[in-house]
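In my numbering, the protein residues as written are 29 to 166.
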């Protein structure tokens, strides 16, 4: 029994240090939840999919999005893709910001210190415009 508890607690600790799971994307102006994203792993690459819209109707489309996501449904949209692990970061991904429609061709995510409840994202546009985001574990 003690062994089973030890294995379970180790498993929970490892999972807590992973970005996999559900994340709340906050509105920077009012600190309210805009939507929720599920980060998942496919072939050692991380992706993020919008799974819940808080202020928008479930049939909302991304009218401001650039490229292939323009006019597509926001719910179930893959907004993070191609992230691969490198040391304590996940890099080489891309991101679509559904709030403003900007596609960032370069994206990385990481935790700071021992705080695994907050995920930091840095996204860079080809124009060198960069933005830092903070997501909260759900």
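Every residue gets a Cβ at the ideal spot worked out from N, C-alpha and C, and that includes glycine.
This structure is a prediction, so every number in the text was calculated from the model and none was measured.
Can you grab the Cα-Cα spacing for the pair residue i / residue j, in whole Å?
| i | j | result |
| --- | --- | --- |
| residue 139 | residue 130 | 24 Å |
| residue 32 | residue 162 | Reliability of the predicted coordinates at residue 32 is poor, the pLDDT of 39 falling under 50, and the value obtained from them is presented with this limitation in mind. Approximately 35 Å between the Cα atoms of the pair. |
| residue 149 | residue 137 | 4 Å |
| residue 144 | residue 87 | 32 Å |
| residue 153 | residue 126 | 14 Å |
| residue 37 | residue 48 | Only weak support is given to the placement of residue 37: the predicted model assigns it a pLDDT of 39, under 50, and the value that follows is read from those uncertain coordinates. Taking the straight line from one Cα to the other gives about 17 Å. |
| residue 53 | residue 164 | 7 Å |
| residue 98 | residue 113 | 29 Å |
| residue 134 | residue 69 | 18 Å |
| residue 89 | residue 105 | 10 Å |
| residue 118 | residue 146 | 14 Å |
| residue 142 | residue 115 | 15 Å |
| residue 132 | residue 157 | 9 Å |
| residue 160 | residue 94 | 19 Å |
| residue 67 | residue 120 | 15 Å |
| residue 155 | residue 45 | 33 Å |
Is the beta carbon of residue j closer than 8 Å to that of residue i?
| i | j | result |
| --- | --- | --- |
| residue 64 | residue 166 | yes |
| residue 123 | residue 101 | no |
| residue 103 | residue 78 | yes |
If I follow the unbroken beta strand (DSSP E) through residue i, where does it start and stop?
| i | result |
| --- | --- |
| residue 136 | 131 to 140 |
| residue 51 | 49 to 54 |
| residue 123 | 117 to 124 |
| residue 89 | Unbroken run through residue 89: none, as it is neither H nor E. |
| residue 163 | 158 to 165 |
| residue 79 | 73 to 81 |
| residue 151 | 143 to 152 |
Can you give the beta carbon distance from residue i to residue j, rounded, assuming they're within the 8 Å contact cut?
| i | j | result |
| --- | --- | --- |
| residue 55 | residue 92 | Contact flag wrong, Cβ pair sits at about 16 Å. |
Next on the checklist: For the pair the stretch 94 to 113 and the stretch 68 to 76, tell me if three or more CB-CB distances fall below 8 Å.
Outcome noted: yes
Checklist entry - Using 8 Å as the threshold, is the stretch 54 to 62 in touch with the stretch 82 to 93, meaning 3 or more CB pairs across them? => result yes
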